[in-house]
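*Asks:*
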Amino acid sequence: MKLHNTLTRNVENITPLRDNIARIYSCGPTVYDHAHIGNLSAYIFADTLRRSLQLAGYTTKHVMNYTDVDDKTIRRSHEQYPHDEPMQALRKLTDHYIQLFNNDMDRLGNDIAAVTFVRATDHIGSMKELTRRLYERGFAYLADDGVYFSIEAYQKSGKTYGQLLELTPQNTSEARIKNDEYDKDNIHDFALWKKQKSGEPAWDFELDGQDMTGRPGWHIECSAMSRDELDQPFDIHTGGVDLIFPHHENEIAQSTALTIPTMAQSFVHNEHILVDGKKMAKSAQNFYTLQDIIDKGFDPIAFRLLVLQAHYRSQAHFSWDNLEAAQNRLQKYRAFADLLWELPDTGKSSDPNLLNDAKNDIISALQNDIDTPHALARLSDTEGQWLRVLSSESKETFKPFLEFIDQALGLNLSHTKDITDTQYELIHRREQARRAKDWKQSDDLRNQLKEQGIGVRDDTPGGDVWYRL
RNA sequence: GGCGCGUUGGCCGAGUAGUUAGGCACAGCUCUGCAAAAGCUGCAACACCGGUGCGAUUCCGGUACGCGCCUCCA
2 MKLHNTLTRN VENITPLRDN IARIYSCGPT VYDHAHIGNL SAYIFADTLR
52 RSLQLAGYTT KHVMNYTDVD DKTIRRSHEQ YPHDEPMQAL RKLTDHYIQL
102 FNNDMDRLGN DIAAVTFVRA TDHIGSMKEL TRRLYERGFA YLADDGVYFS
152 IEAYQKSGKT YGQLLELTPQ NTSEARIKND EYDKDNIHDF ALWKKQKSGE
202 PAWDFELDGQ DMTGRPGWHI ECSAMSRDEL DQPFDIHTGG VDLIFPHHEN
252 EIAQSTALTI PTMAQSFVHN EHILVDGKKM AKSAQNFYTL QDIIDKGFDP
302 IAFRLLVLQA HYRSQAHFSW DNLEAAQNRL QKYRAFADLL WELPDTGKSS
352 DPNLLNDAKN DIISALQNDI DTPHALARLS DTEGQWLRVL SSESKETFKP
402 FLEFIDQALG LNLSHTKDIT DTQYELIHRR EQARRAKDWK QSDDLRNQLK
452 EQGIGVRDDT PGGDVWYRL
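Adding 1 to a residue's 1-based position in the first sequence gives its number in this note's numbering.
#1: Under 8 Å between the Cβ atoms of residue 303 and residue 363?
#2: Have a look at residue 478 and residue 225 and give me their C-alpha separation to the nearest angstrom.
#3: Have a look at residue 215 and residue 186 and give me their C-alpha separation to the nearest angstrom.
#4: Please confirm whether residue 220 and residue 246 have their CB atoms less than 8 Å apart.
#5: With DSSP collapsed to three states, give me the class of residue 181.
#6: Just to confirm the assignment, what range does the alpha helix (DSSP H) spanning residue 326 have?
#7: Between residue 340 and residue 399, is the Cβ-Cβ spacing less than 8 Å?
#8: Of the choices 204, 401, 319, whose alpha-carbon is the least far from that of residue 123?
#9: Taking only three categories from DSSP, how would you classify residue 262?
#10: Using the Cβ count rule (16 or more neighbours within 10 Å means buried), how would you classify residue 421?
#11: Assuming residue 431 and residue 447 are in contact, meaning their beta carbons sit under 8 Å apart, how far apart are those beta carbons, in whole angstroms?
#12: I think residue 342 touches residue 460, with their Cβ atoms under 8 Å apart; what is that distance to the nearest whole Å?
#13: Assuming residue 427 contacts residue 449 (C-beta within less than 8 Å), just tell me the rounded distance between them.
#14: Which residue from 13, 283, 236 puts its Cα closest to that of residue 20?
#15: Would you mind sorting residue 279 into buried or exposed? The rule is 16 or more other CB atoms within 10 Å of its CB.
#16: Among 330, 290, 272, which has the Cα closest to the Cα of residue 312?
#17: Along the chain, which unbroken stretches of the alpha helix (DSSP H) at least 4 residues long are found entirely within the region 119-168?
#18: With burial defined as no fewer than 16 other Cβ atoms inside 10 Å of the residue's Cβ, what is the status of residue 180: buried or exposed?
#19: Measure the CB-CB distance between residue 250 and residue 147 and report whether it falls below 8 Å.
#20: Where do the N-terminal and C-terminal ends of the beta strand (DSSP E) with residue 234 fall, by residue?
#21: Grab me the residues of residue 46's own chain with a C-beta within less than 8 Å of its C-beta, minus the 5 sequence neighbours each way, in chain order.
#22: Quick one: any contact between the region 127-141 and the region 65-73, if contact means 3 or more CB pairs under 8 Å?
#23: Considering just the uninterrupted stretch of the beta strand (DSSP E) at residue 13, what are its terminal residues?
#24: Looking at residue 352 and residue 389, is the spacing between their C-beta atoms short of 8 Å?
#25: Compute the Euclidean distance between the alpha carbons of residue 11 and residue 5, then round it to the nearest angstrom.
#26: Any idea which residues DSSP pairs residue 37 with across the strands?
#27: Contact check, residue 102 vs residue 30 under 8 Å by CB: the rounded distance?
#28: Quick one: Cα of residue 89 to Cα of residue 33, how far?
#29: If you count every other CB in all the chains shown that lies within 10 Å of the CB of residue 485, and 16 or more means buried, which is it?
#30: Let me know the secondary structure DSSP gives residue 268 once reduced to three states.
#31: Could you please give me the residues that DSSP links to residue 191 through a beta bridge?
#32: Taking the alpha-carbon positions, what's the residue 110 to residue 315 distance?
#33: Residue 60 lies in the beta strand (DSSP E); which residues open and close that run?
#34: I'd like the list of long-range same chain contacts for residue 241, defined as Cβ closer than 7 Å, with 5 residues on each side in sequence excluded.
#35: For residue 217, which of helix, strand or coil comes out of DSSP?
#36: Using the Cα positions of residue 412 and residue 406, report the straight-line distance between them to the nearest angstrom.
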């Protein structure tokens, strides 16, 4: 399995470090609002990555976190539930958005059952513990508003800060220096733990005899959770390119300061989805949610296809035209899947290479740095040969192929349902009408079927073939 | 200011040192009672300027434009 590793900036072969189990940690959502489709595309990628590892024959352990305590969740929970206790308000808010998030994930074809979801607030204990150990070993210091990680101490211990990107003094924007309003020694130092401000939810914490009651910093959450759930080092850490710095760099620093040489053997980052050539972001107000897409009559899986049509390391463009193109493509795939019901129940494939070659090509495309555009091209190619499928396959041979496509790409094609006996009857009557050259009757029947969302392909060997519109 | 990435036909989007994925859209033809489907054909691209090659869209250098990161961010 080849993957692009941000640590080395190269596509390299990856094999699991331990027990043939691929351990993946994906930075998940901050659950303070609806996820927008740019956020969601990162999880479509993570889902596809896990599927690809499974196809490569590895067992996977895939962990994704919910960031359910941070500045935004706290602010938002106070706005929405001003009369509740801070902790209770936080819980209400994050419970709500976790539920919405899971629903979006499911609608997008992401296999949520294959992922272990963890909440930051369920791991506060290990966050405190990690903070304490970093402090005791001299990698952290106390400030008025919290506990900070010391980049200087980290570097003096012989470690590199800047493993994922080059960091130089010139590389730091003036804006950052000007905005540096916190009480820290070095501009890159970051909070491991923040002391409670009034009205904020907080957890008891005593460090070096001082009351540090408060909450964890963002970066420590992922270091602690990934260690709790996967141990370190694990195999693959995923996230959007925006997380490379500082988030993942800081996670590495926290996780490697004490003992282990690396946090994860591979960091994989997906590029952003652009709207009108710009990054989709809440702050830029140029974002859409999955519900926006659904309200416009699009299928969530069409959006999945739009994401998969571009390589994860290139910026994809979102537009309604592109989404419509993806939806059309999905319709074709579904019509292809509907062929299942036209096939005989049993019988060996008389054209065994047709589906096997496609399957193997799709597997190799995915093993090659998750080359989903190539995999989809191959699927489209196979779809274009539906007549051959119709004449050579049976349910016994075609169903597993659809299941394979679903396993590999999450398109839910094998969920195709048969049409009703009444609808078959309509198709049958139309064929008879056509044979009798009763064109009015046959057109009537065709319209009836159309109203029920069924299209008919004439003149195929063995009788008319239906598909969903 | 620093670092990184990109620029492919009407649109999206792969790929390659010589034979050029795929999707969407469009035009014509065949087939068809009509339509759909299918088949055939057409359409049309590798930002610009140099360099190295017999040969570059593909490698190297530069220019222009765009994007991202350096701050919360998928």
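Just so you know, even glycine gets a beta-carbon here, dropped at the ideal spot from N, CA and C.
*Replies:* Let's see:
#1: no
#2: Residue 478 cannot be examined here, being either before or after the span of the chain that is shown, 2 to 470.
#3: 21 Å
#4: no
#5: Confidence in residue 181 is poor, its pLDDT being 47 and thus under 50, which makes the residue's placement too unreliable to answer from.
#6: 321-339
#7: yes
#8: 204
#9: coil
#10: exposed
#11: 6 Å
#12: No, residue 342 and residue 460 are not in contact; Cβ-Cβ is about 19 Å, not under 8 Å.
#13: 6 Å
#14: 236
#15: exposed
#16: 272
#17: 125-137, 152-157
#18: Note that residue 180 has pLDDT 49, beneath the 50 cutoff, so the model's placement of it is unreliable and no number is given.
#19: no
#20: First-last for residue 234: undefined, no H or E at that position.
#21: 239, 271, 308, 313, 371
#22: no
#23: 11-14
#24: yes
#25: 5 Å
#26: 290
#27: 6 Å
#28: 14 Å
#29: Absent from the structure is residue 485, since the part of the chain shown begins at 2 and ends at 470.
#30: strand
#31: 150
#32: 22 Å
#33: 60-67
#34: 43, 270, 271, 273
#35: strand
#36: 7 Å
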